[in-house]
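K.L.:
Please see the structure below; I have some questions.
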Amino acid sequence: MADFVREVMTPGVVAVRPDASLVEAAQLMRTQDIGDVLVADGQRIVGVLTDRDITVRAVAEGIDPLTVSARSVCTPDPVVIGPDDPVGTAVALMRTHAVRRLPVVEDGLPVGVVSLADLAVAEDPDSALAEIGRAEPTGGATA
Numbered sequence: 449m450a451d452f453v454r455e456v457m458t459p460g461v462v463a464v465r466p467d468a469s470l471v472e473a474a475q476l477m478r479t480q481d482i483g484d485v486l487v488a489d490g491q492r493i494v495g496v497l498t499d500r501d502i503t504v505r506a507v508a509e510g511i512d513p514l515t516v517s518a519r520s521v522c523t524p525d526p527v528v529i530g531p532d533d534p535v536g537t538a539v540a541l542m543r544t545h546a547v548r549r550l551p552v553v554e555d556g557l558p559v560g561v562v563s564l565a566d567l568a569v570a571e572d573p574d575s576a577l578a579e580i581g582r583a584e585p586t587g588g589a590t591a
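This note's numbering puts the first residue of the sequence shown at 449, with every later residue one more than the last.
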């Protein structure tokens, strides 16, 4: 099992400006084949925006995704973790704050994201969640 967040996180960051439209954010998610982006004002993380946020907080409410900003739909002021923090701390933070992803910040700059699936792979590589986390996206799945 991994000891530190750095060993399990997904390195690199994909971000949008706070004023980016939800369409812009969704297109970036599709292009990068990811389910979330950081919302950043310069180097400062102001939120995390997931594909589910776009669906539940905007589309399901009838809000036009062309005219609403990432900042208005994202989860603001996300809980963050450092790359040298113990994996157990990431688990505890996710549990306490009921989140599935934590931005990883080093020296004030985002350097990656650690997800529930990342932790599942590290903790129990044979678990169903770990298998799902390792699976290649299908690109067109509807289930």
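We put the CB at the ideal spot given by N, CA and C, even for glycine. This one's a predicted model, so the numbers in the text were calculated from it and none came from an experiment.
From the DSSP output, which residues share a beta bridge with Glu509?
P.N.:
Within the sequence shown, residue 509 is the residue found at index 61, counting from 1. According to DSSP, Glu509 bridges with nothing at all.
K.L.:
How would you call Pro558, buried or exposed, if buried means at least 16 neighbouring beta carbons within 10 angstroms?
P.N.:
Mapped onto the sequence shown, residue 558 falls at position 110. When all chains shown are included, Pro558 counts as buried.
K.L.:
Looking at the C-beta of Ala450, does it have a partner C-beta in chain D at a distance below 8 Å?
P.N.:
Chain labels in this structure do not include chain D; a single protein chain is all it has.
K.L.:
Should Thr523 and Asp499 be called a contact, given that it needs their Cβ atoms to be closer than 8 Å?
P.N.:
Looking up residue 523 in the sequence shown gives position 75. Looking up residue 499 in the sequence shown gives position 51. Going by C-beta atoms, Thr523 is not nearer than 8 Å to Asp499.
K.L.:
For a test of the three-state rule: what should DSSP assign to Ile502, helix, strand or coil?
P.N.:
Within the sequence shown, numbered from 1, the residue matching residue 502 stands at position 54. Helix, per DSSP.
K.L.:
Are the beta-carbon atoms of Asp484 and Leu497 separated by less than 8 Å?
P.N.:
As a position in the sequence shown, residue 484 is number 36, starting the count at 1. As a position in the sequence shown, residue 497 is number 49, starting the count at 1. Contact: yes.
K.L.:
Determine which residues share a DSSP beta bridge with Gly560 and list them.
P.N.:
Position 112 of the sequence shown, counted from the start, is the residue given in the question as residue 560. According to DSSP, Gly560 bridges with Pro459, Val552.
K.L.:
Would Gly556 pass as a contact of Arg519 if the rule is Cβ separation under 8 Å?
P.N.:
Indexing the sequence shown from 1 puts residue 556 at position 108. Indexing the sequence shown from 1 puts residue 519 at position 71. No, the pair does not count as a contact, with Cβ atoms beyond the cut-off.
K.L.:
Do you know how far the Cα of Leu564 is from the Cα of Arg543?
P.N.:
Along the sequence shown, read from residue 1 onward, the residue named residue 543 stands at position 95. Along the sequence shown, read from residue 1 onward, the residue named residue 564 stands at position 116. Cα-Cα distance, rounded: 10 Å.
K.L.:
Would the beta-carbon of Ser563 be found less than 7 Å away from any heavy atom of the ligand MG?
P.N.:
The ligand MG is not among the ligands present in this structure, which contains no ligands whatsoever.
K.L.:
Across which residues does DSSP place Ala488 in a beta bridge pair?
P.N.:
Position 40 of the sequence shown, counted from the start, is the residue given in the question as residue 488. Its beta-bridge partners are Ile493.
K.L.:
Have a look at Val462 and Ala473 and give me their C-alpha separation to the nearest angstrom.
P.N.:
Locating residue 462 in the sequence shown gives position 14, where the first residue counts as 1. Locating residue 473 in the sequence shown gives position 25, where the first residue counts as 1. About 10 Å.
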